[in-house]
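Numbering (our numbering), first residue to last: 1 to 153.
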């Protein structure tokens, strides 16, 4: 990962989100279709991906950094309360995976903005569906995000 992006992630307080996302997304340098048939590469990157595309590990690192910074900005755009580093990482990971519109329009964001932090964290396990089906990987990811979200830093 280039130093500038690494510094931006650290400055944004997203250091805890990186290993979480990498663990659940994995790293695939060859483009593939995700469980709902969206072309994806590296660590969950989808923007402009074409099947047959390949990437180096450095490119994968840069894509992840840019995607996490974008997800964090989308999430923070609708959060009106302060977050601790664990909450920020958990909600950034969720937003990276589910999208800013889903986060901002959710009961999770409404509870968070009402100051009901634990209630917002408790909403994470509800988001385990993709293509109308419960995905075991999302069940595990949301459990990990919830655990991080509720952990006192």
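Every residue, glycine too, gets a C-beta built ideally from N, C-alpha and C.
Note that this is a predicted model, so its numbers are computed, not measured.
### Message
Among 8, 21, 6, 4, whose alpha-carbon lies nearest the alpha-carbon of residue 89?
### Response
Checking every option, the nearest Cα to that of residue 89 belongs to 21.
#### Entry: CB-CB length for residue 93 against residue 17, believed under 8 Å
Taking 8 Å as the upper bound for CB-CB distance, residue 93 and residue 17 are in contact here, some 5 Å apart.
### Task
Counting only the same chain and skipping the five closest in sequence on each side, list residues whose C-beta sits under 8 Å from that of residue 36.
Hits under 8 Å: 130, 131.
### Query
Under a Cβ-count criterion, where at least 16 other Cβ atoms within 10 Å of its own Cβ denotes burial, should residue 81 be classed as buried or exposed?
It is exposed - the Cβ of residue 81 has fewer than 16 other Cβ atoms within 10 Å.
### Query
Looking at the unbroken beta strand (DSSP E) that takes in residue 28, where does it start and where does it end?
28–33 is the span of the beta strand (DSSP E), which, as asked, contains residue 28.
### Query
So, helix, strand or coil for residue 39, using DSSP?
In the three-state reduction of the DSSP assignment, residue 39 falls in the strand class, which pools E and B.
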